[in-house]
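> Here it is, the structure, as structure tokens.
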Amino acid sequence: MDKVVSSAADAVADIATGSSLAVGGFGLCGMPMVLIKALHDTGVTDLDVVSNNCGVDDWGLGILLQDKRIRRMTASYVGENKEFARQYLSGELEVVLTPQGTLAEKLRAGGCGIPAFFTATGGGTQIAEGGLPWRYAEDGSVAIASPPKETRTFGDREYVLEEAISTDFGLVRAAVGDRHGNLVFHSSARNFNPLCAMAGRVTIAEVEQLVEPGEIDPDRVHLPGIFVHRVVPLTREQVAEKRIEKRTVRATKGEAQ
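Residue numbers for the sequence shown follow the numbering used here, beginning at 34 and rising by one.
Put into structure tokens, the structure is as follows:
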């Protein structure tokens, strides 16, 4: 089945207000920016988004956040996005902070049909005991707090029951993809993109290089096409437009420190 869609706009056209999304990327690596821009252009709002982080103030999911299109954000850290922190602390945004490894496994479990699992991460903290602020009130008090989770002892250690995550849509970016949706990711972009693709009931992948079926060595496939429903090939200009969160340099030999 040829899953190639002619444009990002067509690919995201059925994402409606109130939809839930799993969005790939690790920092700004592998973030599906073309799909995010196309989604922003549709004007949808009240989105329930799951992603490792929320981009930066003017890039990635940050552009949806700036226009207050996101109602609820499930992420592992606030990162470099000042607007993310501001909206959370002012009570404008509901945020479910989740340990990074737990978030990854929740997404993987959702894609594998596993409803829940036990993990030692979070035991003895507000993750397990409840009371973690999800949304603040205008006066700074906690308006919505996390509920307590079931715990169980295995051996001599306490484990926390975590529920899987599945979403209406998954948005991801791959280095290489074929028309059947088989994908290859580059370096850190592989951390969350495959998991977000698995968690989405309908997954859309933007690909930097589109190849024909059979051109990707089966041993090189990071995500099989069974998890991907639409493929959007990018232009050279779209591929070249990439950012990093921070650039740190040092003086070369002979330069003043």
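Glycine residues also receive a C-beta, built at the ideal position from the N, C-alpha and C atoms. Here the structure is a predicted model, which is why all the values come from computation and not from measurement.
#1: Going by DSSP, what residues sit across from W92 in a beta bridge?
#2: To the nearest whole angstrom, what separates the beta carbons of S221 and F59, a pair I think is in contact under 8 Å?
#3: How is F202 classed by DSSP in three states: helix, strand or coil?
#4: Helix, strand or coil for I149 per DSSP?
#5: Near A49, what residues of its chain come up, given a Cβ to Cβ distance below 8 Å and the 5 sequence neighbours on each side ignored?
#6: If you check the beta carbons only, do F202 and L98 fall under 7 Å apart?
#7: Closest to R141 by C-alpha separation, out of G88, S123, V83, would be which residue?
#8: Straight-line CA distance for T135 to R104?
#9: Using only alpha-carbon positions, find the residue among H213, E162, F218 that is nearest to L194.
#10: With DSSP as the reference, identify every bridge partner of Q242, one or two as the case may be.
#11: Just to confirm the assignment, what range does the beta strand (DSSP E) spanning R190 have?
#12: Cutting at 7 Å between CB atoms, please list the residues of its own chain near R253, excluding the five before and the five after it.
#13: List, from N- to C-terminal side, the alpha helix (DSSP H) runs of 4 residues or more that fit wholly inside the stretch 102–149.
#14: Looking at the structure shown, is F260 part of a helix, part of a strand, or coil, going by DSSP?
#15: For the alpha helix (DSSP H) that contains I69, what are its first and last residues?
#16: Closest to E138 by CA distance: which of E183, A118, I198, K115 is it?
#17: Quick one: what does DSSP say I177 is sitting in, helix, strand or coil?
#18: For G156, I'd like the list of residues in its chain whose CB is within less than 6 Å of its CB, leaving aside the five on either flank, ordered along the chain.
#19: Which one or two residues does DSSP pair with D81 in a beta bridge?
#20: Please work out which residues of its chain come closer than 7 Å, Cβ to Cβ, to M34, disregarding the five sequence neighbours upstream and downstream, and give them in chain order.
According to the data block:
#1: Against the sequence shown, residue 92 aligns to sequence position 59. Bridge partners of W92: V89.
#2: To locate residue 221, count along the sequence shown from 1; it is residue 188. To locate residue 59, count along the sequence shown from 1; it is residue 26. Confirmed, about 5 Å.
#3: To locate residue 202, count along the sequence shown from 1; it is residue 169. Residue state, collapsed to three classes: strand.
#4: Looking up residue 149 in the sequence shown gives position 116. The question names Ile, yet the displayed sequence has Ala at residue 149. Three-state result, A149: strand.
#5: As a first step, residue 49 must be located in the sequence shown, where it is residue number 16. For A49, where only same-chain residues beyond five positions count, the Cβ hits under 8 Å are V77.
#6: Numbered from 1 along the sequence shown, position 169 holds the residue referred to as residue 202. Numbered from 1 along the sequence shown, position 65 holds the residue referred to as residue 98. Going by C-beta atoms, F202 is not nearer than 7 Å to L98.
#7: The residue given as residue 141 occupies position 108 in the sequence shown. Of the listed residues, the one whose Cα sits closest to R141 is V83.
#8: Along the sequence shown, one-based indexing puts residue 135 at 102. Along the sequence shown, one-based indexing puts residue 104 at 71. So the two alpha carbons sit approximately 22 Å from each other.
#9: Residue numbering aside, residue 194 sits at position 161 when the sequence shown is read from its first letter. Nearest C-alpha to L194: E162.
#10: Here residue 242 refers to the residue found at position 209 of the sequence shown. Answer by DSSP bridge pairing, in chain order: V209.
#11: Translated into the one-based positions of the sequence shown, residue 190 becomes position 157. Unbroken beta strand (DSSP E) run through R190: 190–196.
#12: As a working note, residue 253 is residue 220 in the sequence shown. Around R253: V217.
#13: 115–122, 133–145
#14: Taking the first residue of the sequence shown as 1, we reach residue 260 at position 227. Note: F260 maps to helix in three-state DSSP.
#15: Reading the sequence shown from its first residue, position 36 is the one you call residue 69. First-last of the alpha helix (DSSP H) with I69: 66–75.
#16: Mapped onto the sequence shown, residue 138 falls at position 105. The shortest Cα separation from E138 among E183, A118, I198, K115 belongs to I198.
#17: Residue mapping note: residue 177 aligns to position 144 of the sequence shown, counting from 1. It is a strand residue.
#18: Taking the sequence shown and counting its residues from 1, the one referred to as residue 156 is at position 123. The residues are E191, V193.
#19: For the purposes of this step, residue 81 is taken as the residue at position 48 of the sequence shown. The partner list for D81 (beta bridge, DSSP) reads S53, R105.
#20: Taking the first residue of the sequence shown as position 1, residue 34 is located at position 1. Contacts found: H213.
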